[in-house]
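J.: Just dropping this structure here.
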């Protein structure tokens, strides 16, 4: 295998790709993307990938002008072209993986879209997929027959928050599905010397309506840190923040890896119950626009974390090494 991985970054993921490339000390390989009048497109490498291990970076969130479907299609076609050009292996690096939340049937005749997306990656010859903080790790790993790798943002958040927390803290899981993620984050804070307990908020969703306001755990007089994998409208975070305030929390902060802000998020996240929100750059920044909500948000770059994963995978190791780059 060549000494260095071959990196590509498609479309609007170019800035993220530059961060990864800089951390690895490997330049992005040149490629061409063309748009046609009928809405079709073509992408191709401008250098030979024959015999090389290629890593293609493209975050699969929707944005104006390019839906999640558009982004997924572009990534699949580019991977197929690299395999046709003789690449030894191709890894899809998707900081945010589209359709990862639809991993089970919740209603009769529902699709299991995560599995269908996995089949498409495999069909074009993808050797491995690398993503961050997927919604359900077990479902993600079981959906793919190719190598499915996953890294966590919790160490980035812990390093950012530990110096500013200081006093008694409680890590709050906003629903039962977030308990394991929240506990890993809590353990990282404890390892950093923070007195951190845990709590669980009640949440039920039916027909798009959220209910439930119980909170299990002690938050009174503490800084509550809500920990989740994704924020869209912000309703879950704000509901949990209000409950923590009602139970006597001194401050309420929130952490969510993927900032997939919906149009409603600007108004929801302006709620004074939530003091600050920390996210990563897996989804492009700026989706909130200007306003109170934006002033509350701190964006952490995770390019170095992906660079560490790519380097480790390229050298035959796990995607999540013990010591990130």
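Residue numbers (the numbering used here): 190 to 514.
Idealized CB from N, CA, C, for every residue including glycine.
Could you tell me whether the Cβ atoms of residue 498 and residue 213 are closer together than 8 Å?
T.: In this structure, residue 213 does not lie closer than 8 Å to residue 498 by Cβ.
J.: I need the boundaries of the alpha helix (DSSP H) containing residue 465, first residue and last residue.
T.: Residue 465 -> not in any alpha helix (DSSP H); beta strand (DSSP E) instead, spanning 465-469.
J.: Cα separation between residue 387 and residue 375?
T.: One C-alpha to the other measures close to 7 Å.
J.: Looking at the secondary structure, which residues open and close the alpha helix (DSSP H) in which residue 368 lies?
T.: Note, residue 368: alpha helix (DSSP H), 368-380.
J.: Provide the residue span of the alpha helix (DSSP H) that contains residue 326, from first to last.
T.: From DSSP, the alpha helix (DSSP H) with residue 326 extends over 326-332.
J.: Buried or exposed: which applies to residue 485, given that a residue is buried once 16 or more other Cβ atoms fall within 10 Å of its Cβ?
T.: The residue is buried, with at least 16 neighbouring Cβ atoms inside 10 Å.
J.: Suppose contacts are defined by Cβ-Cβ distances below 8 Å. Is residue 282 in contact with residue 245 by that definition?
T.: Yes, they are a contact pair.
J.: Do residue 361 and residue 348 have their C-beta atoms within less than 8 Å of each other?
T.: No, the pair does not count as a contact, with Cβ atoms beyond the cut-off.
J.: Going by CA-CA distance only, name the one from 351, 295 and 451 that's closest to residue 382.
T.: Comparing Cα positions, the closest option is 351.
J.: Can you tell me which of the three DSSP states residue 247 falls into?
T.: DSSP places residue 247 in coil when its eight states are reduced to three.
J.: Please classify residue 232 as buried or exposed, where buried requires at least 16 other C-beta atoms within 10 Å of its C-beta.
T.: So residue 232 ends up on the buried side.
J.: What are the complete alpha helix (DSSP H) segments, minimum 4 residues, inside the stretch 199-275?
T.: Complete alpha helix (DSSP H) runs here, min 4: 203-213 and 257-273.
J.: Between residue 299 and residue 365, what straight-line distance do the alpha-carbon atoms span, to the nearest angstrom?
T.: In a straight line, the C-alpha of residue 299 is about 22 Å away from that of residue 365.
J.: Considering Cα atoms alone, identify which of 316, 342 and 329 is closest to residue 336.
T.: Looking at the Cα atoms, 316 is the closest of the given residues.
J.: Can you look up residue 407 in the DSSP assignment and give me helix, strand or coil?
T.: It is coil, neither helix nor strand.
J.: The beta strand (DSSP E) that contains residue 389, what's its start and end?
T.: From DSSP, the beta strand (DSSP E) with residue 389 extends over 385-390.
J.: Give the C-beta separation of residue 420 and residue 250 to the nearest angstrom, bearing in mind that I take them to be a contact with Cβ-Cβ under 8 Å.
T.: That belief does not hold up - the Cβ atoms of residue 420 and residue 250 are roughly 12 Å apart, past 8 Å.
J.: Rounded to the nearest angstrom, what separates residue 405 and residue 292 at their Cα positions?
T.: In a straight line, the C-alpha of residue 405 is about 27 Å away from that of residue 292.
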